[in-house]
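Be aware that the sequence shown starts at 28, since it is given in our numbering, and climbs by one per residue.
No residue lacks a Cβ here, since even glycine has one placed at the ideal position from N, Cα and C.
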Amino acid sequence: MTQTPPDLLRQLYQTALAASADRQPHPSRDRSAAALSAATAMASDLGLETIQLETVPDAGIPALVRPHADLARATPPGTVIFSSANPHGLRGQDNLSRNLSYLLGLGLALDGARDIWALAADTDGLDSGGTAAGALLHPDSLSRALALGLEPGGLLEQGQAPLFFASLGDLLPPAPAEARIRDFRAILVL
28 MTQTPPDLLR QLYQTALAAS ADRQPHPSRD RSAAALSAAT AMASDLGLET
78 IQLETVPDAG IPALVRPHAD LARATPPGTV IFSSANPHGL RGQDNLSRNL
128 SYLLGLGLAL DGARDIWALA ADTDGLDSGG TAAGALLHPD SLSRALALGL
178 EPGGLLEQGQ APLFFASLGD LLPPAPAEAR IRDFRAILVL
């Protein structure tokens with residue numbers, strides 16, 4: 028693989044957005060399926076194994092990220108784990124920047140696990156009305172944040188996941204508003 032893991036995740040996300048844009052006349056569920064199918068096909072074409080997780084409705088961050096982190100740790104290298112979320116699928120304060128909160132929670136659950144990267148992004152413009160579509164999580168995201176004097180767990184509890192990723196320079200620019208598929212999440216295990 029000649030791409031860096033973050034570049035590969037961005038390419039999977041862009042592939043999902045493009046597939047969604049090609050299916051504008053169809054209901055959003057069809058667009059979501061087409062988007063995940065396109066990203067899965069691209070990953071397979073690159074020689075990666077893929078796993079698609081079911082959406083967990085109305086779950087809080089800890090209940091959602093722990094099984095994802097456990098699966099990522101147990102998954103063999105060369106695998107992409109895909110999931111999506113309903114637009115209002117998290118409870119309580121977690122709905123503020125839900126993808127960034129998911130990603131920070133995943134980072135805390137992974138606790139610096141080597142060779143695992145992730146991307147979580149809103150596909151209809153901005154993550155829950157924030158200033159970015161989503162972000163990238165690197166194996167060293169927590170250690171880089173701690174080196175900057177940030178407290179990742181406290182930021183998650185305070186609904187400040189955007190500050191965490193902005194401080195690291197790992198936010199994704201807004202997605203085109205016309206995409207309108209479910210949130211896109213990918214965990215890359217190498």
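message: One question on the structure: do LEU182 and ALA188 come within less than 8 Å of each other, judged by their Cβ atoms?
response: Within the sequence shown, numbered from 1, the residue matching residue 182 stands at position 155. Within the sequence shown, numbered from 1, the residue matching residue 188 stands at position 161. Yes; because the gap between Cβ atoms is below 8 Å, this pair is in contact.
message: Alpha carbons only, please: which of ARG171, ARG125, PHE109 is nearest the one belonging to ASP138?
response: Stepping through the sequence shown from its first residue, residue 138 is reached at position 111. Of the listed residues, the one whose Cα sits closest to ASP138 is ARG171.
SER71 burial status per 10 Å Cβ neighbour count (16 or more: buried): Taking the first residue of the sequence shown as 1, we reach residue 71 at position 44. Counting Cβ neighbours within 10 Å, SER71 comes out exposed, since fewer than 16 surround it.
task: Tell me where the alpha helix (DSSP H) around ASP210 begins and ends.
output: For the purposes of this step, residue 210 is identified with residue 183 of the sequence shown, where counting begins at 1. ASP210 -> not in any alpha helix (DSSP H); beta strand (DSSP E) instead, spanning 210–216.
field: For ARG58 and LEU190, the rounded distance between their alpha carbons
entry: Taking the sequence shown and counting its residues from 1, the one referred to as residue 190 is at position 163. Taking the sequence shown and counting its residues from 1, the one referred to as residue 58 is at position 31. Rounded to the nearest whole angstrom, the C-alpha separation of LEU190 and ARG58 is 31 Å.
- prompt: Does the region 97–115 come close enough to the region 61–76 to have 3 or more Cβ pairs within less than 8 Å?
  reply: yes
query: Which runs of the alpha helix (DSSP H) fall wholly inside the region 121–146 and span at least 4 residues, in chain order?
result: 125–137
message: Taking the straight line between their C-alpha atoms, what separation do you get for GLN30 and GLY186?
response: Here residue 30 is taken as the residue at index 3 of the sequence shown, counted from 1. Here residue 186 is taken as the residue at index 159 of the sequence shown, counted from 1. Each residue's Cα considered, the two are about 32 Å apart.
task: Identify every run of the beta strand (DSSP E) within the region 35–100, keeping only runs that are complete inside it and at least 3 residues long; order them along the chain.
output: 76–79
query: Could you give the residue range of the beta strand (DSSP E) that holds GLY161?
result: Locating residue 161 in the sequence shown gives position 134, counting from the first residue. From DSSP, the beta strand (DSSP E) with GLY161 extends over 161–164.
task: Ignore the nearest five residues each way along the sequence and tell me which others in LEU169's own chain have a CB closer than 6 Å to its CB.
output: Looking up residue 169 in the sequence shown gives position 142. Only GLY134, GLY139, PRO179 meet the Cβ criterion.
task: Consider the C-beta atom of ILE78 and the heavy atoms of the ligand FAD; say whether any pair is separated by less than 7 Å.
output: For the structure depicted, the ligand FAD is absent and the ligand set is empty, with no information on it obtainable.
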